[in-house]
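Note sheet for the following structure.
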Amino acid sequence: MKERLEALRSEALDKLQTVADAVALNDLRVHYLGKKGQLTEILRGMGSLSAEERPIIGQVGNEVRAAIEAVIAEKQTGFEQAETARRLQAETIDVTLPGKAVGAGAIHPLNKIVEEIEDIFIGMGYTVAEGPEVETDFFNFEALNLPKNHPARDMQDSFYITDEILLRTQTSPVQIRTMKAANGRTPVKVICPGKVYRRDDDDATHSFMFHQIEGLVIGPNIRMSDLKGTLLQFVQEMYGPQMQIRLRPSFFPFTEPSAEVDVTCAQCGGSGCRMCKHTGWIEILGCGMVHPKVLEYGGYDPNEVTGFAFGMGVERIALLKYGIDDIRHFYANDTKFLSQFAKI
Ligand SMILES: [Zn+2]
Numbered sequence: 001m002k003e004r005l006e007a008l009r010s011e012a013l014d015k016l017q018t019v020a021d022a023v024a025l026n027d028l029r030v031h032y033l034g035k036k037g038q039l040t041e042i043l044r045g046m047g048s049l050s051a052e053e054r055p056i057i058g059q060v061g062n063e064v065r066a067a068i069e070a071v072i073a074e075k076q077t078g079f080e081q082a083e084t085a086r087r088l089q090a091e092t093i094d095v096t097l098p099g100k101a102v103g104a105g106a107i108h109p110l111n112k113i114v115e116e117i118e119d120i121f122i123g124m125g126y127t128v129a130e131g132p133e134v135e136t137d138f139f140n141f142e143a144l145n146l147p148k149n150h151p152a153r154d155m156q157d158s159f160y161i162t163d164e165i166l167l168r169t170q171t172s173p174v175q176i177r178t179m180k181a182a183n184g185r186t187p188v189k190v191i192c193p194g195k196v197y198r199r200d201d202d203d204a205t206h207s208f209m210f211h212q213i214e215g216l217v218i219g220p221n222i223r224m225s226d227l228k229g230t231l232l233q234f235v236q237e238m239y240g241p242q243m244q245i246r247l248r249p250s251f252f253p254f255t256e257p258s259a260e261v262d263v264t265c266a267q268c269g270g271s272g273c274r275m276c277k278h279t280g281w282i283e284i285l286g287c288g289m290v291h292p293k294v295l296e297y298g299g300y301d302p303n304e305v306t307g308f309a310f311g312m313g314v315e316r317i318a319l320l321k322y323g324i325d326d327i328r329h330f331y332a333n334d335t336k337f338l339s340q341f342a343k344i
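Numbering-wise, the sequence shown is residues 1 to 344 according to the UniProt record's numbering.
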């Protein structure tokens, strides 16, 4: 039995010398030392030995096991070190290579303009209100004094979702929502920025989606002169203290009287040039005193309160501020264009 153990030892050690990898090593371990392995197999025969032989053979068995285990452990360590070395080699980082440049993002010029306009009006005591882009016919038209079949609806070709639901064509519905939420309280002083949608063919000055900012003030004794003073303050903060405005009579269903507002042409300073068609003025927004019917729809008594409202296209404000000639630049997401505004 002792001979069988010795033979097993030398056979195992021989095979271990040539083992190729960790998997084969484990197979050999199971083959010789496992529960059903060769060593166990031999030692199972110990029951037939005499009491004197048993401890001797037992000791030889332990020595054989220890010898094989020692070689396996040594091989195992060797394989692990080789694997680590291989991975280190494969994953070597060349710290001398230049890094990948990560460009910093910037706020979109239109968002920048919106924030700037908001800041100006917040400075005058306004709060910022928002409303849904999917709007009902009632809020978008009817409550703004544009009943069904009103010819002025043609001014704003709309994207209808159902007969009663559409993508809002203006930010004015937020006026009605704000008045209703105020529940008759005054003063109301809000601006409402947001996206609006019209069935326009896209060109240098039109887009099916663009941004508006609506302003609304309601209170006792609000006058047209308050409106003009407010807009002059806005224009001078936005474009510079040398800027002037003028109001021209106009028509909007939701204001009476209504006016278009022109601002001094920034290009020529008012002396006349091609951009302002030699008038010295550039149109920037529409405004007026809130129509009594709109006040009623908003839950106010037109005999007790008055108000003014104005609406401006954010793209137009931006075109004038930055001297850009095509609105489509804002939507093309060309980083060469957008990055120019990163540091303004
Ligand atoms: Zn000009």
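Every residue gets a Cβ at the ideal spot worked out from N, C-alpha and C, and that includes glycine. Quantities reported herein were computed from a predicted structural model and do not represent experimental measurements.
- prompt: Roughly how many whole angstroms lie between the Cα atoms of Ile161 and Pro98?
  reply: Each residue's alpha carbon lies about 53 Å from the other.
query: Which residues in the same chain have their Cβ closer than 8 Å to the Cβ of residue 347, if we skip the five residues on either side of it in sequence?
result: Past the boundaries of the shown model lies residue 347; the chain is included only from 1 to 344, so the question cannot be answered.
message: If I follow the unbroken beta strand (DSSP E) through Met179, where does it start and stop?
response: Met179 -> not in any beta strand (DSSP E); alpha helix (DSSP H) instead, spanning 173-182.
Where the alpha helix (DSSP H) containing Lys343 begins and where it ends: No alpha helix (DSSP H) contains Lys343, which DSSP labels as neither H nor E.
message: Under 8 Å, with one C-beta from each stretch per pair, do the region 196-213 and the region 233-253 reach the 3-pair mark?
response: no
query: Is Lys321 closer than 8 Å to Met243 when the C-beta atoms are compared?
result: No, the Cβ-Cβ distance between Met243 and Lys321 is not below 8 Å.
- prompt: Between the Cα of Tyr331 and the Cα atoms of Ala181, Tyr197, Leu110, Met289, which residue gives the shortest distance?
  reply: Leu110
query: For ligand 3, is there a heavy atom less than 7 Å away from the beta-carbon of Gln267?
result: Annotation note on ligand 3: not contained in the displayed structure, which lists ligand 1 as its ligands.
query: What does Thr127 pair with, by DSSP beta-bridge criteria?
result: Val190
- request: Please state whether DSSP places Lys195 in a helix, a strand or coil.
  value: strand
query: Looking at the structure shown, is Ala309 part of a helix, part of a strand, or coil, going by DSSP?
result: strand
- request: Check whether the Cβ of Asn312 sits closer than 7 Å to any heavy atom of ligand 1, and report yes or no.
  value: A small correction: the amino acid at residue 312 is Met; Asn does not occupy that position in the sequence shown. Annotation for Met312 indicates a beta carbon at 7 Å or more from all heavy atoms of ligand 1.
First through last residue of the alpha helix (DSSP H) which encompasses Thr40: 38-43
message: Please give me, in chain order, every unbroken run of the beta strand (DSSP E) with length at least 3 that falls completely inside the region 254-316.
response: 255-264, 281-290, 306-313
task: Kindly identify the DSSP beta-bridge partner or partners of His211.
output: Lys195
Simplified DSSP state of residue 352, which is helix, strand or coil: Residue 352 lies beyond the residue range present for the chain, which begins at 1 and ends at 344; the question has no answer from this structure.
query: In three-state terms, what does DSSP make of Leu166?
result: strand
Glu135 - partner residues in DSSP beta bridges: DSSP output for Glu135 lists Leu166 as bridge partner(s).
- prompt: Which residues mark the beginning and the end of the alpha helix (DSSP H) in which Met224 is found?
  reply: Its alpha helix (DSSP H) spans residues 224-239.
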